[in-house]
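Everything on this sheet refers to the single structure shown next.
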């Protein structure tokens, strides 16, 4: 089945210019969309990574930087005649700077249904806490000195 669309070439050219694509790899990932929010005593990062190989996902913390990376491989079947190819393949990578109030040793990650979830706990020393105020319940009496 063939369709004629006069805007296809213009659309392809525009996408190539905006994406910074190179002739050898026109479908390179642009970015890893993610959300980051604070829930109680931890941060929750969720990143969309549909179709990546779970074994290729890497979460590293080094010197206050959290690095997320993953790989989606291209279909290597040469007998396929492509009619449309819009899915990105290649390496996804995202880096975030962590503050001093993060417990880097407690960071955990899971991947389910194409979504990477990273839990980033706040360090104990950075959690809000109530400060007890010490006071004495014993009344003190003040005696006047006599002038003799």
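Numbering (our numbering), first residue to last: 30 to 177.
Glycine included, each C-beta is placed from N, C-alpha and C at the ideal position.
Computed from a predicted structure; not experimentally measured.
Cut-off 7 Å between Cβ atoms - residues of its own chain near residue i, not counting five sequence neighbours on either side
i	result
residue 89	96
residue 126	93, 94
Residue burial classification, residue i (beta-carbon count within 10 angstroms, cutoff 16)
i	result
residue 134	exposed
residue 109	exposed
residue 160	exposed
residue 65	exposed
residue 145	buried
residue 62	exposed
residue 162	exposed
residue 147	buried
residue 51	Confidence is the limiting factor: at residue 51 the pLDDT is only 44, short of 50, which leaves the residue's position unreliable, though a coordinate-based value still follows. That one is exposed.
residue 103	exposed
residue 157	exposed
residue 83	exposed
Bridge-paired residues (DSSP) for residue i
i	result
residue 136	Bridge partners of residue 136: none, in fact.
residue 123	97
residue 89	96
residue 65	74
Residue i, DSSP secondary structure in three states
i	result
residue 161	coil
residue 76	strand
residue 141	strand
residue 50	Summary for residue 50: the model assigns pLDDT 45, below 50, so the residue's position carries little reliability; its value from the coordinates is reported in the next sentence. Residue state, collapsed to three classes: coil.
residue 174	coil
Cβ neighbours of residue i in the same chain (closer than 8 Å, five flanking residues each side left out)
i	result
residue 80	101, 116, 143
Nonlocal neighbours in the same chain, by C-beta distance under 6 Å from residue i, ignoring five residues either side
i	result
residue 120	100
residue 122	98
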